[in-house]
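Read top to bottom, the protein sequences are chains L and P.
When the count follows my numbering, it moves up by one through the first sequence with no breaks and lands on 110 for the last residue.
When the count follows my numbering, it moves up by one through the second sequence with no breaks and lands on 122 for the last residue.
Note that CB positions come from ideal geometry on N, CA and C, so glycine has one too.
Report on the structure given below.
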Amino acid sequence: AQSVAQPEDQVNVAEGNPLTVKCTYSVSGNPYLFWYVQYPNRGLQFLLKYITGDNLVKGSYGFEAEFNKSQTSFHLKKPSALVSDSALYFCAVRPGWDGGATNKLIFGTGTLLAVQP
Amino acid sequence: DGGITQSPKYLFRKEGQNVTLSCEQNLNHDAMYWYRQDPGQGLRLIYYSQIVNDFQKGDIAEGYSVSREKKESFPLTVTSAQKNPTAFYLCASSIDKRTGGLAGASTDTQYFGPGTRLTVL
């Protein structure tokens, strides 16, 4: 079965420290990978995506993510966390064309990031 | 302003009632989607539509219905057949450029509306 895993329900980090939110996937073909952020009672905001090319993808608000094909991972990172980064983060994957085409996103269960001042 | 709007923000339903959630976009996107969000479960796809007058069931379509009569609108009806409708409902849209032709996977980003929180009383 195709799936996305976010192994940590919550990540705690002090303001100014680097942060990592983990995501691993299991899909057929070459996947397309996305990160979204959700603030309380709001919709999801797009942060960044990996389609092809450079494994390090830069996105909004200073976030970046690294695609690692051998480890089937797409971890979200930021060099210096802000209190305002505290939110729920979702990883999502769309299986690639060569693995059985679908236009549907498969979402992880989300990771709550808490940045302490 | 371009974007996706959902209404109402909060909706209360009595058991046995059908309710319709509105989703409108002025982004000229081809594809639209409905997701359900429950705590600890991420987002699950209910229905999606890649073109006007066509839509496909997602993973949890039972108890829901949709229509796509206009490009900008994709309303979702939660019927009395949906056993546990209390949830946060999110609408999304995207351009639908496909790699590999019509059967290929779209690489385009889905953009989300602000959501509707439905509570069954």
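In three-state DSSP terms, what is Asp31(P)? coil
Which residues of chain P have a Cβ atom closer than 8 Å to the Cβ of Thr102(L), listed in chain order? Gly41, Gln42 and Gly43
How about Arg38(P) and Leu91(P): are their beta carbons less than 9 Å apart? Inspection of the sequence shows that residue 38(P) is occupied by Gln rather than by Arg. Yes, the pair counts as a contact, with Cβ atoms nearer than the cut-off.
Cα-Cα separation between Gly46(L) and Gln64(L), rounded to whole angstroms: 17 Å
List, in chain order, every chain P residue whose beta-carbon is nearer than 7 Å to that of Lys51(L). Those within 7 Å of Lys51(L) in chain P number zero; the least Cβ separation is about 15 Å.
Could you spell out where the beta strand (DSSP E) holding Tyr82(L) opens and where it closes? Ala80 to Arg87
Starting from the C-beta of Tyr43(L), find all residues in its chain whose C-beta is less than 6 Å away, skip the five residues before and the five after it, and write them out in chain order. Leu26, Val50 and Phe60
Taking only three categories from DSSP, how would you classify Ser53(L)? helix
Only counting the same chain, and skipping five residues up and downstream in sequence, which positions put a Cβ closer than 7 Å to that of Ala80(L)? Val30, Gln31, Tyr32 and Leu106
Consider the Cβ of Arg69(P): report whether some Cβ of chain L lies at a distance smaller than 9 Å. no
Straight-line gap, Phe100(L) to Gly17(P) (C-alpha atoms, nearest Å): 30 Å
Taking 9 Å as the cut-off, decide whether the C-beta atoms of Pro24(L) and Pro88(L) are in contact. yes
In chain L, which residues lie less than 7 Å from Phe113(P) when you measure between Cβ atoms? Gly36 and Leu37
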